[in-house]
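A.B. asks: Residue numbers (this note's numbering), protein chains in the order written: chain A, 427 to 651; chain B, 803 to 1245; chain C, 53 to 359.
Once you've had a glance at the structure underneath, I'll fire off some questions.
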Amino acid sequence: MSAALRRGWVTRAGTAALLVVYGLPFIWLVATSLKTDTQIFDRGATFIFHPTLANYQSVVNRDLLAACLNSAVIASGTTVLTLALATPAAYALARVKGLLVNLGLSAIIILQITPQPASLIPLYRVLGGWNLLGSQLGVILADTALLLPFCILIIRPFFLAVPREVEEAGVVDGASRMRVFWQIALPITLNGSRRAPRSSFSSPEVSSCMRTPSSPTRRSTRSAC
Amino acid sequence: MSAAEPDAELFLSLDRSVSRRQVLKSAAAGAGTLALSSGMTSLLAACGGNQATTTGTAIGPDTTGTLTVWHYSSQQDVKTVQDYTALFTKKYPKVDVKLVYVEFSETPKRAIAAAAAKQGPDVFIYGGNEVNAMYKAGVFKSVDSYWQSFADKAQFPDGVITRFNNKVYGVKGYVNLTGLWYNKNILDAVGVQPPRSFDEVTSTFAKVAAAGKVPIALTGQPTDQGDWTAFPWLTGYGFSYKNPDQSAIEQAFTLVNEWARKSYLPKESVQWGQAETFNRWVVGDVAFMENGNWNIGPASRTVGGKFTYGTAPLPTGPKSQGIFLGGEALWTGAFTKVPGIAWAYMQETLLSKEGLLITLQESGGIPARHDMANLTQVTSNPLLTAYTTEVKEHGAEYPPEGGAAIAAQAVIAQNWSAVIGGQKTPAQAAKDATDGVKANYKP
Amino acid sequence: MRTAAGERATFPAVSRTRARLRVRGEGIFLLPAAVYLLTLALYPFVELVRMSVSQVTSDNIFSDWPFIGLNGVQSVAATADFREAAANSLMYVVLVVGVGLAGGLASALTLWRGGRVGGFTLALMVFSWALPGLINGVAWRFLLDPRGMVDSILGLFHAGPVYWLVDGHLPLISVALVNAWTVVPFATLVFRAALLDMPPEILAAAEVDGARPWQTLRYVVLPLLRPSILVLGVLALVYAFKSFDFIYVMTFGGPGTASTTLPFLSYRLAFEIYRYSQGASVALITVAIVLLLALLYMRQVRREERA
């Protein structure tokens, strides 16, 4: 690449601009959290002021801790449930062909398109019918329902990338389908980062899903999604 | 595209009633939305389980039975409910009262679902705006017969009684309403008094603005809180939901639009709920705010000695003004097996002077009873005087028309917000509002 | 499945019977997720459709729903509120997709080379993306206040305070830009991955041929990024049409209804005035619009790929 685009001033200026646009808001918010109400409204104290921890003191109380606990429980519960359901489903959708699969994928895509309020109106009734309104479990179930299609779509390419030959070798050796999934296919997807681009920072699932098919560096000629 | 796509918690934890003191608590805290419950699991099992009680009309200290009461008071506020319930238990010690917490926005849905299964609690303590839907779904039982023979019924203004089909269903004992708070330091410095009529308002604001202070803070959100704030101004010119007079609406909108244009009212108020309005006023450079009695406690805590403040009745207009009376009302459940005991509960708690003293002292609720306006507990707090005057002279039922005008209220709120933000001229907004109210509310 | 070169991917040489048996077998793995989604996603969706062809308000939500056919959908689509929301949605989507993708491309081109500062900047960006929409919304609501970051900086240059969330059409634009701000990091990651996949020989060849940087960009890099642009475009389109959190927190659809989009209208109809069937109708119309746009888009993509 020509010198101008390599670490040139354009790149430097661009990076600086990004740092401002993404860094300054956080700095501002932290600074504001250290101000009293009066200081916030005082134009003179916008950039230079006496910081105070009073806001943090008044916010950290039992309610906050209860909220943190709720968030932790709901987040972990949702993650576990979603992965438990999405992983086998993604495997199935990577291996099975046919009309049912296409219908399933289309249904998933339609669910993804539905705006949030719409999904929740009827869900309210369903959860209400099971007495789950007002419980963490209810929220976990609702969150999982909303995240599951997306997760299946994201995980599927990993299973597509598992070579069938390896699985067939397992079948030939007498492994049941469950073992093939659990002990052959799944571990390979977990190691899938071998195929991820060099930089450690890009997210492997995104890149494998969005791989450009024409790149000659790829071993497989299948498009990933 | 956002990593945390759905926010189910958001909807399922909405709580936007103006009779609650803090709105948008979870969003403002920013620490992630709260889950549906504030930690308590709901006891749907408690719904509808009443043992048989002594039959016969006379109820006395020997009456036994169970009374299920639904409420939505949080852990901080539930003590008030327990304290006034104790008044009932003192008189009827053999009745077992079960206080069941049901989150505010869930109460109507749960009640309607239970009614569909022909079940429900004996008593509701509920002050939200879905009462009309609940009534139509058969959730409530009328207390008209008890009310008519109630000795103290004349003590209650009309605005606290909700009637359906001309029968009494719900009654509020204490109310929350908006009034005019003022910063006395600013008023003295500028040399003005709280305006008493619409004519005086704009000129008072002009003087404050000339002195470099912010004249007025009020709620301009396009939500039910905005609608609450707009109602006194609209009705002061002669508006009502039954009769939406376009010129009345236009006059009110012209007034507030002028304040926004001249920066007497900060334009950001279109985003403020009542809590944000209070926070803005507390800073100390704002002369007036339209806000509620529930700020009495918070004001003493957050303002402290920063400046002297007081309350005054809202300025009145040429026509008869209405100010919404929020607060919790008591209702009897349609499927109660002990209506007599349910009425006794209502009578001993929120319809009694002792009960209302408890709510006054503990939660700042203004007693609606006329005969309490002169009690020392009320007169000794100057901040309360404005409110009791308003209750007596301008108190209006909330939700208006028994809750049947909800969609019309939304139209008013949106247009109120649009004239403050400048998206619409007062004339255009008045026309849209009138059309919208007529289209959406048919008495 | 087709590759870019147009060949059909060949199946491994396995006997037909075995292949069919295998295929049927793995279907079982679909069962748990399928049952779950059928109950908690598809069934509610069916209910949503049913709701929009019935008359449902808060008094009969748990009992019978009288069927009214498409009258409800038609009547809500004819309201001025709906037209305004649709126009707002369109503007919102154009901004989010346009700014999101353009910004993502520009950031990727800036940051893909890596380096410590670049890596840190990318981490910062991804952190913003990872925050829940509500948090970002609340934060930016404050940052766009007259006493917030943006107006304070403008104040340094003696530019008057701009009421980003109040004046005229600014509320919708401001919320859309904030939303785009959270989309840019995701787009950056995708483009960056594609850039890293680019064979270095191509860039070297362009340089040897004497191409100037912007020529390399336009004639070599962009065509290689085309698939990413197209995929991101669809994802961003769907996401932007659905977007609700930011509006809810920053303006509540206001002032008045100036920043009300279709999802927000759906919410307001259902949860603020309890006309559930109208809210459901608006939601379904939104789904139909997005589906149509997405299908048209895909068809265009396939046409171009074959050409």
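Yeah, the Cβ is synthetic: ideal placement off N, Cα and C, and Gly gets one too.
On a predicted model such as this, the values are computed, not experimentally measured, just so you know.
Does DSSP classify Ile-566 (chain A) as helix, strand or coil?
C.D. replies: Reduced to three states, the DSSP call for Ile-566 (chain A) is helix.
A.B. asks: In three-state DSSP terms, what is Lys-943 (chain B)?
C.D. replies: In the structure shown, Lys-943 (chain B) sits in a strand (DSSP, three-state: E or B).
A.B. asks: Which value, in whole angstroms, describes the spacing of the CA atoms of Ala-1089 (chain B) and Glu-1070 (chain B)?
C.D. replies: Distance between the alpha carbons of Ala-1089 (chain B) and Glu-1070 (chain B): 17 Å.
A.B. asks: Would Lys-1108 (chain B) be called buried (16 or more neighbouring beta carbons within 10 Å of its own) or exposed?
C.D. replies: The residue in question, Lys-1108 (chain B), is exposed, as its Cβ has fewer than 16 Cβ neighbours within 10 Å.
A.B. asks: Could you tell me whether the segment 207 to 216 of chain C touches the segment 129 to 140 of chain C, where touching means 3 or more Cβ pairs closer than 8 Å?
C.D. replies: Segments in contact, no.
A.B. asks: Would you mind listing the alpha helix (DSSP H) stretches within the segment 443 to 518 of chain A that are 4+ residues and don't spill past its ends, in chain order?
C.D. replies: The qualifying runs are 463 to 467, 480 to 485.
A.B. asks: Which residues of chain A have a Cβ atom closer than 7 Å to the Cβ of Val-342 (chain C), listed in chain order?
C.D. replies: Residues of chain A passing the Cβ test: Ile-539.
A.B. asks: For the segment 1115 to 1130 of chain B and the segment 916 to 929 of chain B, state whether three or more C-beta atom pairs, one from each stretch, are separated by less than 8 Å.
C.D. replies: Short answer: they touch.
A.B. asks: Tell me the DSSP secondary structure of Ser-127 (chain C) in three-state form.
C.D. replies: Helix at Ser-127 (chain C).
A.B. asks: Kindly indicate the opening and closing residues of the beta strand (DSSP E) around Met-1174 (chain B).
C.D. replies: Run containing Met-1174 (chain B): none; DSSP gives neither H nor E here.
A.B. asks: Should the segment 1211 to 1224 of chain B be regarded as contacting the segment 981 to 1001 of chain B, the criterion being three or more beta carbon pairs within less than 8 Å?
C.D. replies: No contact exists between the segment 1211 to 1224 of chain B and the segment 981 to 1001 of chain B.
A.B. asks: For Gly-1260 (chain B), which residues in the same chain have their Cβ closer than 7 Å to its Cβ, ignoring the five residues on either side in sequence?
C.D. replies: For chain B, the structure presents residues 803 to 1245; residue 1260 (chain B) sits outside this window and is missing.
A.B. asks: Establish whether the CB of Ser-619 (chain A) and some CB of chain B are separated by less than 7 Å.
C.D. replies: Caution is warranted here: a pLDDT of 41 is assigned to Ser-619 (chain A), below 50, making its placement in the model unreliable, and the coordinate value is therefore given only provisionally. Chain B contact via Cβ: absent.
A.B. asks: Of all the CB atoms in chain A, is at least one closer than 7 Å to the CB of Val-1085 (chain B)?
C.D. replies: Closer than 7 Å: yes.
A.B. asks: Output yes if chain A places a C-beta closer than 7 Å to the C-beta of Pro-198 (chain C); else output no.
C.D. replies: No, Pro-198 (chain C) does not count as interfacial toward chain A.
A.B. asks: Tell me the rounded alpha-carbon separation between Pro-1046 (chain B) and Leu-989 (chain B).
C.D. replies: In a straight line, the C-alpha of Pro-1046 (chain B) is about 35 Å away from that of Leu-989 (chain B).
A.B. asks: Taking only three categories from DSSP, how would you classify Met-1091 (chain B)?
C.D. replies: Looking at Met-1091 (chain B) - three-state DSSP - the assignment turns out to be strand.
A.B. asks: When the cut-off is 7 Å and only beta carbons count, does Asp-111 (chain C) lie next to chain B?
C.D. replies: True, the Cβ-Cβ gap to chain B drops below 7 Å.
A.B. asks: Just verifying my parser: in three-state terms, what is the DSSP assignment at Leu-901 (chain B)?
C.D. replies: Leu-901 (chain B): strand per DSSP, three-state reduction.
A.B. asks: My parser needs the alpha helix (DSSP H) runs of 4 or more residues fully inside the segment 311 to 352 of chain C; what are they?
C.D. replies: You should have 314 to 319.
A.B. asks: Mind reading off the beta-carbon distance from Ala-935 (chain B) to Tyr-326 (chain C)? Whole number of angstroms is fine, and I expect it under 8 Å.
C.D. replies: Their Cβ separation, rounded to whole angstroms, is 6 Å, which keeps Ala-935 (chain B) and Tyr-326 (chain C) in contact under 8 Å.
A.B. asks: Quick one: Cα of Leu-1155 (chain B) to Cα of Phe-467 (chain A), how far?
C.D. replies: The sequence given here places Lys at residue 1155 (chain B); Leu does not occur at that position. Roughly 44 Å separates the two Cα atoms.
A.B. asks: Spatial neighbours of Thr-857 (chain B) within its chain, please: CB distance less than 8 Å, with the 5 preceding and 5 following residues excluded, ordered by chain position.
C.D. replies: Because Thr-857 (chain B) sits at a pLDDT of 41, beneath the cut-off of 50, its placement in the model cannot be relied upon, and the following sentence gives the value as read from the coordinates. Once the five neighbours on either side are set aside, Thr-857 (chain B) has no close Cβ partner at all.
A.B. asks: Kindly provide the ranges of any alpha helix (DSSP H) runs that are 4 or more residues long and lie completely inside the segment 1183 to 1238 of chain B, ordered along the chain.
C.D. replies: Those alpha helix (DSSP H) runs which fall completely within the segment 1183 to 1238 of chain B and span 4+ residues are 1184 to 1196, 1208 to 1223.
A.B. asks: Name the chain C residues that come within less than 7 Å of Thr-1025 (chain B), Cβ to Cβ?
C.D. replies: Simply Phe-304.
A.B. asks: Within 10 Å of its beta-carbon, does Leu-277 (chain C) have 16 or more other beta-carbons around it, so buried, or fewer, so exposed?
C.D. replies: The residue in question, Leu-277 (chain C), is buried, as its Cβ has 16 or more Cβ neighbours within 10 Å.
A.B. asks: Find the residues of chain A that neighbour Glu-204 (chain C), judging by a C-beta separation of less than 7 Å, and give them in chain order.
C.D. replies: In the sequence as presented, Glu is not what sits at residue 204 (chain C); that position holds Ser. Chain A residues near Ser-204 (chain C): Thr-472.
A.B. asks: Determine the chain B residues that contact Glu-324 (chain C) at a beta-carbon separation under 7 Å, and present them in chain order.
C.D. replies: Per Cβ cutoff of 7 Å: Ala-1212.
A.B. asks: Within a Cβ cutoff of 8 Å, which residues of the same chain sit near Ser-459 (chain A), ignoring the five residues on either side of it in sequence?
C.D. replies: So the qualifying residues of the chain are Asn-481, Tyr-482.
A.B. asks: If you check the beta carbons only, do Ala-918 (chain B) and Phe-179 (chain C) fall under 7 Å apart?
C.D. replies: No.
A.B. asks: Taking contact to mean 3 or more Cβ pairs, one atom from each stretch, closer than 8 Å, check whether the segment 1098 to 1107 of chain B and the segment 1048 to 1060 of chain B are in contact.
C.D. replies: No, because fewer than three Cβ pairs between the segment 1098 to 1107 of chain B and the segment 1048 to 1060 of chain B fall closer than 8 Å, the two stretches do not touch.
A.B. asks: Measuring only the C-alpha atoms, how far is Arg-102 (chain C) from Ile-120 (chain C)?
C.D. replies: Rounded to the nearest angstrom, the two C-alpha atoms are 10 Å apart.
A.B. asks: Please confirm whether Thr-313 (chain C) has its beta-carbon closer than 7 Å to some beta-carbon of chain B.
C.D. replies: No, because no Cβ of chain B sits closer than 7 Å to the Cβ of Thr-313 (chain C).
A.B. asks: Keeping to the same chain, check which residues put their C-beta closer than 7 Å to that of Phe-243 (chain C); ignore five residues upstream and five downstream.
C.D. replies: Cβ neighbours of Phe-243 (chain C) beyond the five flanking positions: Gly-156, Leu-157, Ala-160, Leu-277, Ser-280.
A.B. asks: Can you round the beta-carbon distance between Ser-318 (chain C) and Val-339 (chain C) to whole angstroms, since I take them to be within the 8 Å contact cut?
C.D. replies: So it is not a contact: roughly 10 Å between Cβ atoms.
A.B. asks: Can you round the beta-carbon distance between Leu-224 (chain C) and Met-143 (chain C) to whole angstroms, since I take them to be within the 8 Å contact cut?
C.D. replies: That belief holds up - the Cβ atoms of Leu-224 (chain C) and Met-143 (chain C) are roughly 6 Å apart, short of 8 Å.
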